Amino acid sequence: MRRLLFVLLLSLLTLAALPALAAPSESERDFAAASEALKRGAYTEAIDTLELLADRGFVHPDASFNRAVAYVERARSSAANPGDLGRAAAALSEVLLLRPSDEQAELGLSRIRAEISRRHAREGTAPVMARDSLGRAATSLFDENVWAWLALVGSLLLTVGLGLRRFVQLTSAALAGAIGIGLGAVLLLAGAGLTAGARHFRLTSSPAVIVADEARLLDEAGKPLPQKRGSADSMTVPEGASVYVLERRPTLFRVAWGSSEGWLSPGQVRILATR
Amino acid sequence: MRLAFTAAAALAVLVASPVARALEVKTAVSSQRVGVGESFYVQLVIMSDGQNGNAIGDVRLPLPPGMTASQPSRAPQSQVSIINGQMSQRVGVTLTWTVTANKLGSFRLGPPTATFGGERAQGNPIPVEVVAAGSGSAPQRGRRGFDPFNFFDPFGQGHSPFPPGFNFRSPFDDDAGEEQRPEEPTYPDELRVDKAPDSIAFLRATVTPNQVVVGQQVTLRVFAYGGRGQFSPESPNEPSHADFLTFDTGPDQAKAYLVPISGIRFIGAKLRELPMFPLHAGTLRAGNMKMGFAGRGYPSPPGGGPLLRESNWVDVVVSEPPLRGRPPGYKIGDVGEYKLEATVEPRTIVAGESISVVAKLSGIGNVPFKLQTPESHGVEWLEPALAEKMEVPNGVVQGSRTFSYVVRLTDPGKVDLGELSLPYFDPKRHEYAVARAKLGEIEVKVNPNADKTKLQPKPSDRLAGVLQARDALGPQAVPLRPLSDRTGFWATLLLAPFGVVFAGGALSFAARTREKLRERGASLGAQLEAALREARELAARDTQGSVAAVERALFLAIELKLNLKARAVLKSELGSALIERGLPSARADALSRILQDCDALRFVGAGSGIDPVELSQRASKNVAEMRGDKLSVPS
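Chains Z and X, in that order, give the protein sequences.
Residue numbering for the first sequence follows this note's numbering, starting at 2 and increasing by one per position.
Residue numbering for the second sequence follows this note's numbering, starting at 2 and increasing by one per position.
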């Protein structure tokens, strides 16, 4: 009798727990609501919901992707807000950080940037391109862990080479050891250096995208920075450009754009979410 | 009812008399309807700019028959005010008579007169009705809230223009013995300061509240205090408030009070009261207002000009409203308490035409500039025209903004417009709320010219169809923790090769040490030490062994010192050989003697009379001394 009661109680508990297990989370409900709003053309509503999701710390490449869709659609509508395309570019850049293999996001990002450039060109302002600094470009060739593994392999080769040279008296072992030492030292130095560089950039800067129509680089006091080579024009970062935020203050962010550095208003920059 | 009547009667005589250009004269009576035998009070207040002094004389109150009056009491008055940055001071006196009515009827008192500063001041005549005892309306003692003698605040609202430090209490509120009580300070509490930072003059800034959310109102107040009497403010600047949105509260009008601080009577006044709204989160600063104090008691600095003072900074801790419970579409800064109303017209249109939606957002706070408009296919909201009416009653910013939208509807049918909304944070309740206004349905009729009015897609729309929304959240890779963040990565990287190097080095070092030790064991010095030690140890029990060790020690010592293999030299010639090599002759003789004693002990034994212990000690001593001997010829 007791056993029967126990089985019944267990069954009831399981049945009660099933809906909870099957129920979507609050974030999933919000995502679904935003998707629904997108379908009926309520782009601002979808943006508000997806932005709130992001504010709550929910990070998912598909949520970022739909946010990009909402911004693009609003930019195409009569309710377009300045910076919508920049925000779409930021959302797609976020997707690529979270899921580098997302081809649709990569294609969309390139099309959006092309559209921003086209609009700037139509208004008579040629977009200024900026390349990353050499160090950042080198470290970003591969993932940080690739450099770390390279350093580890180099360390192993160097260790084996040194061991052969030191402890094995055979001529062939000495030759193999010398090759191991040379190759291992190069790999270790390069791998460790690039790992350290990538780690430094990861810890000291945050990837971001310009979401304002035009963002003038300022000095620390908030005055526009002059263009390089003595030009009187100020340096302007185009909408949708990738920058790195180096320092955050309540009213200004210090950013690196290519090899240039300057300050921008926080509202002009969207820091990308990472996990 | 009686109170209302009395108030009306008293107000009726509150008329300023146009007596003299510089004098301001007011007359008042506590009651115009009194019972026989009851007393009432008549008051004459005279104020002037004080330029002619404040001497009082020739005080008169003409009385009709049937009334008597006491000698008038005199209470000096002083008034300091700062209006539009200009300080002015007025002085005066309040004369109060206690009049007793002894006869029924209607009478006319006065007018009361007096001379003040050499000028004649005359009040107004006062009509009084004396009725049977018990039906009069003499004032109640101790009553609060209504004071006809407080000319700027007859109903007790607390807006007396006179500096409370100068004001005497109304006689109608005082008990008989109350005049003996010390005068209590009646300046506003916001002017209270426990300790004056400067005994001459200072500015003080305060902000309330000092912990708010972005968009919530705070009020910055700046007060000026002068400890050397009357002053006029010179070149006051605006307090700093770069991180705040401020509301202009109209012209500055300051009221001055006497404020005793640490035993000094300061003239204190509020210079600025600024409602402000923080623009972002953080610890934000405001204040630092500068102003010059000009006046007789305020010394000029060495460079000239008025005495400059600046206020302190005040910090406001500003945070963003909580994420918990935040509704979608909430904009940081939308804080307050709002309601939203909307009207829509017309309700029936033809497709392609527009309707008008007028929404009024009103409430307390910096009323937001943007509403959330409902979106759907076929409904196009244009940018609204905006009208606003903002006010700052009692220092609280409030008002309304009216949004006039033009909404174009392109698809025929019954269109539910949805609702306008504004999510906001209510700081009083510490929670979010949404102001909503339902817009209802619009009947959109089919447009016979639909083809002409249909919206044409933009020919240059290059983003159409580039991105397709995703319906569900797909899988996502678990992020890998970077190897370089793992403890031991860098140690592993460097320790492996360096470990091999260290191990090789350690092995080499060990081998070298071993070799050194071995070499050290085979050296002449080591052999000499070993021979001497052996000689000492064997001296007591093995004479032959000890003798052999002594001989060996001596030969080793000679070889070490002179590089001479002494075994190859005849003992008889050893002394001269040692001298030739530069050893002192005494030392050579001593060594030869030891060797001879060794032979004697070896061959004769104990019979030789030589003690092996003494021999080994002598050998040790000579070997040690020989190490320090200087050679006459380099060996």
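Ideal placement from N, C-alpha and C gives every residue a C-beta, glycine not left out.
Since we're looking at a predicted model, the values are computed, not measured.
Interface residues of chain X around residue i at Cβ under 7 Å?
i                 : result
Leu99 of chain Z  : Gln477
Asp220 of chain Z : Here the premise fails: no neighbours, minimum Cβ distance about 17 Å.
Leu265 of chain Z : Within chain X, no residue comes near Leu265 of chain Z; the closest Cβ sits about 15 Å away, beyond 7 Å.
Gly109 of chain Z : Val467, Leu468
Using a Cβ-Cβ distance under 8 Å, would residue i count as near chain Z?
i                 : result
Gly216 of chain X : no
Asp176 of chain X : With a pLDDT of 39 at Asp176 of chain X, under the threshold of 50, the modelled position of that residue is not reliable, and the figure given next carries that caveat. Not an interface residue.
Phe490 of chain X : yes
Asp412 of chain X : no
Val435 of chain X : no
Ala360 of chain X : no
Gly505 of chain X : yes
Which chain X residues sit within Cβ distance under 8 Å of residue i?
i                 : result
Phe254 of chain Z : Under the 8 Å cutoff, chain X gives no residues; its nearest Cβ is about 12 Å from Phe254 of chain Z.
Ala122 of chain Z : Within chain X, no residue comes near Ala122 of chain Z; the closest Cβ sits about 13 Å away, beyond 8 Å.
Leu157 of chain Z : Ala497
Assign residue i to one of two classes, buried (16 or more other C-beta atoms within 10 Å of its C-beta) or exposed (fewer than that).
i                 : result
Ala202 of chain X : buried
Gln477 of chain X : exposed
Met391 of chain X : exposed
Gln181 of chain X : Residue placement at Gln181 of chain X is flagged as unreliable, the pLDDT there being 37, under the threshold of 50; a coordinate-derived value is accordingly withheld.
Ser547 of chain X : buried
Val212 of chain Z : buried
Val187 of chain Z : exposed
Val479 of chain X : exposed
Taking 8 Å as the CB-CB limit, is residue i close to chain X?
i                 : result
Val73 of chain Z  : yes
Thr45 of chain Z  : yes
Arg167 of chain Z : yes
Pro83 of chain Z  : no
Pro239 of chain Z : no
Ser94 of chain Z  : no
Val187 of chain Z : no
Leu142 of chain Z : no
Gly136 of chain Z : no
Arg1 of chain Z   : No statement about residue 1 of chain Z is possible, as the shown extent of chain Z runs from 2 to 276 and does not include it.
List the residues of chain X that residue i touches, going by C-beta distances under 9 Å, in chain order.
i                : result
Thr50 of chain Z : Pro329, Gly330
His61 of chain Z : Leu474, Gly475, Gln477
At a CB-CB cut-off below 7 Å, which residues of chain Z make contact with residue i?
i                 : result
Ser377 of chain X : Arg41, Gly42, Ala43
Val501 of chain X : Thr160, Leu163, Gly164, Arg167
Ser485 of chain X : Glu145, Ala149, Thr196, Arg200
Val194 of chain X : Simply none; closest approach about 31 Å.
Ala29 of chain X  : Here the premise fails: no neighbours, minimum Cβ distance about 58 Å.
Arg471 of chain X : Asp63, Phe66, Asn67
Any idea which residues DSSP pairs residue i with across the strands?
i                 : result
Glu432 of chain X : X:Asp427
Gln212 of chain X : X:Val318
Gly386 of chain X : It should be pointed out that residue 386 of chain X corresponds to Ala in this sequence rather than to Gly. Partner(s): X:Ser405.
Asp144 of chain Z : The partner list for Asp144 of chain Z (beta bridge, DSSP) is empty, contrary to what the question assumes.
Using beta-carbon positions only, say whether residue i and residue j come within less than 8 Å of one another.
i                 : j                 : result
Gln373 of chain X : Ser422 of chain X : yes
Ala578 of chain X : Leu565 of chain X : yes
Asn55 of chain X  : Gly118 of chain X : yes
Ala197 of chain X : Gly227 of chain X : no
Val317 of chain X : Val208 of chain X : yes
Tyr258 of chain X : Asp335 of chain X : no
Thr220 of chain X : Leu275 of chain X : yes
Gln44 of chain X  : Thr99 of chain X  : no
Ala138 of chain Z : Gly162 of chain Z : no
Ile117 of chain Z : Pro239 of chain Z : yes
Met277 of chain X : Ala206 of chain X : no
Val407 of chain X : Ser363 of chain X : no
Val624 of chain X : Leu533 of chain X : yes
Glu46 of chain Z  : Ala38 of chain Z  : yes
Leu204 of chain X : Asn367 of chain X : no
Show which residues of chain Z have a CB atom less than 9 Å away from the CB atom of residue i.
i                 : result
Trp382 of chain X : Ser79, Ala80
Pro480 of chain X : Leu99, Thr275, Arg276
Leu529 of chain X : None at all; the shortest Cβ gap to chain Z is about 40 Å.
Arg463 of chain X : Arg112, Ala115, Glu116, Arg119
Ala512 of chain X : Simply none; closest approach about 13 Å.
Interface residues of chain Z around residue i at Cβ under 8 Å?
i                 : result
Arg515 of chain X : What Arg515 of chain X touches in chain Z: nothing, since even the nearest Cβ is about 18 Å away.
Output, in sequence order along the chain, the residues in the segment 272-303 of chain X whose CB is closer than 9 Å to any CB in chain C.
In summary, chain C is missing from the structure at hand, where the protein chains are Z and X.
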